[in-house]
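Here the structure comes first, spelled out in structure tokens, and everything after it is commentary.
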Amino acid sequence: MNDPKYRHLLTYNQEFMFMEYGLCEIYYKINEHTLYLLKIDQQDHSIKELVIPLNLNLTTIDAILTYFLKELFFKNVFFGEGKLIYEKSEQFSEDYFNSIQKELNDAYRQKIKLIEDAAKNNDLINFCRTIHLHPTPDRIHATNWTAQCLSKGNHHLLLSTVTNEWGCGYCRKKGGLPELKKWYFMQK
Numbered sequence: 024m025n026d027p028k029y030r031h032l033l034t035y036n037q038e039f040m041f042m043e044y045g046l047c048e049i050y051y052k053i054n055e056h057t058l059y060l061l062k063i064d065q066q067d068h069s070i071k072e073l074v075i076p077l078n079l080n081l082t083t084i085d086a087i088l089t090y091f092l093k094e095l096f097f098k099n100v101f102f103g104e105g106k107l108i109y110e111k112s113e114q115f116s117e118d119y120f121n122s123i124q125k126e127l128n129d130a131y132r133q134k135i136k137l138i139e140d141a142a143k144n145n146d147l148i149n150f151c152r153t154i155h156l157h158p159t160p161d162r163i164h165a166t167n168w169t170a171q172c173l174s175k176g177n178h179h180l181l182l183s184t185v186t187n188e189w190g191c192g193y194c195r196k197k198g199g200l201p202e203l204k205k206w207y208f209m210q211k
């Protein structure tokens, strides 16, 4: 059996809050049923090999690599706050890379809007908005939210739109809307 060699897929930089975190290089090889990825992260000097079974209905190398690229963006980018910056690729143009990133950012913004619309009548979220705690939905779990803590510390409240409860592990406080209102008015 002829084992293919790794080929360069992509070199990108990671940016969060206008700070660059260092280059990552990704190499790939594909056999009949498996995608092998080698990620070399120059920031933390790590090398990781990912083995991904190809049980998808993807027939071309471009389709397989595009699927992976979308997964990379979705799982590793702080949407709205960070981005991956194209450096070079033998497989993708910078325009194509940026179009995928834009497509996923647009889809993410649409998802956030749907989550926010669904929570429009949630009393806990609305109270947090009213007192300017700036609640925002979690990027993965639609019913989990974070908000600035009432203590004005450098940490957040965790909110659940399912149980209508909140908690702050740092301040060791938790409860429902009545407890949050009580804490708020005690600080006034």
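Oh and the sequence shown: position 111 is 134 in this note's numbering, straight run, nothing missing. All C-beta atoms in this analysis are idealised placements derived from N, C-alpha and C, irrespective of residue type, glycine included.
Where does Q133 fall in DSSP's three states?
-> helix
For P76: DSSP bridge partner residues = T57
Out of K125, P76, Y35, which has the shortest C-alpha to C-alpha gap to K52?
-> Nearest C-alpha to K52 among K125, P76, Y35: P76.
Identify whether L46 lies in helix, strand or coil by the three-state DSSP scheme.
-> Residue state for L46 is assigned as strand, using DSSP reduced to three classes.
Check the DSSP bridge columns for S183 and list the partner residues they point to.
-> N167, E188
To the nearest angstrom, report how far apart L147 and G199 are at their CA atoms.
-> 8 Å
Reference A165, options K175, S183, W206, closest by Cα | S183
Mind reading off the beta-carbon distance from K204 to F150? Whole number of angstroms is fine, and I expect it under 8 Å.
-> 7 Å
Could you tell me the boundaries of the alpha helix (DSSP H) in which K205 lies?
-> 200-210
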